Amino acid sequence: MLIKVQELVTRQEPVQLQGTLDTKEIFRNSPEYNPLGPLEFDVNARAADDRILVSGQISCSVGMQCSRCLDPIEEKIDIPFEEQFRIVEDGNVEMNADDEAVPITGERIDLAPFLAEELVVQLPYAPLCKEDCKGLCPKCGTNWNEQSCGCDTVVVDPRLAALQDWFKPQQE
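Residues in the sequence shown are numbered from 19 upward in steps of one, following our numbering.
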């Protein structure tokens, strides 16, 4: 999906872009995330001075594994999208440290890489099936969300192990 820069600047009216992007290429090297559908976008592009402002919403359904109990999760991720592009002359790309706009020199802007990047950045780093997921027992692997186990999961720091008997009542 391309934005024609000159057409947008001369028109002086926002352009609405809606559609989908194939997510197979985005998640090709990411085995922990499985796309369940295309990336859907609904964005508006408008010209303002020497800038192109793009804003809207993107969403995608993604399959993942809970980072605590390893159960599969299907989550629809809705993300607000905003990006600024600054129109510059060829070879006159001076970057200001405070300027967050992406410099563009061509006649067209391909939004696909920017939309894909925003989706990948917003994916949960450690997805959870639910906020209070209890996880798995480190000894026997029982899912604590489904049942409890009788394993002793108290871990004593080996440097302090000699002190663990300190407060036990002494038998005579």
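Glycine is no exception: its CB is placed at the ideal position from the N, C-alpha and C atoms. These numbers come from a predicted model, not from an experiment.
Whole-angstrom distance between residue j and residue i, CA atom to CA atom
i    : j    : result
Q206 : F99  : What is shown of the chain runs 19 to 190, which leaves residue 206 out entirely.
A63  : T38  : 16 Å
L88  : K148 : 12 Å
A130 : M82  : 23 Å
W162 : I76  : 35 Å
R29  : M19  : 18 Å
L133 : V174 : 48 Å
V191 : Q182 : The chain is shown from 19 up to 190; residue 191 falls before or after that span and cannot be answered.
C151 : A66  : 47 Å
W184 : L178 : 11 Å
Q34  : C84  : 36 Å
Y51  : C158 : 27 Å
Residue i, buried or exposed, once every other Cβ within 10 Å from all chains shown has been counted against 16
i    : result
R86  : buried
F59  : buried
G124 : exposed
G74  : buried
According to DSSP, residues forming a beta bridge with residue i
i    : result
S79  : K94
P121 : R104
R126 : K22
F99  : G74
Discussion item. Using 8 Å as the cut-off, can you tell me whether the segment 143 to 159 makes contact with the segment 26 to 45, which would need three or more C-beta pairs spanning the two stretches below that distance?
Written reply: no
Item to complete: Please list the segments of the beta strand (DSSP E) lying wholly inside the segment 147 to 180, counting only runs of 3 or more residues, in order along the chain.
Response: none
Practice prompt. Pair every Cβ in the segment 118 to 126 with every Cβ in the segment 89 to 108, then say whether three or more of these pairs are closer than 8 Å.
Written response: yes
Discussion item. For the pair the segment 90 to 97 and the segment 156 to 173, tell me if three or more CB-CB distances fall below 8 Å.
Written reply: no
Practice prompt. At 4 residues or longer, and completely inside the segment 20 to 71: list those alpha helix (DSSP H) runs for me, N to C.
Written response: 23 to 29
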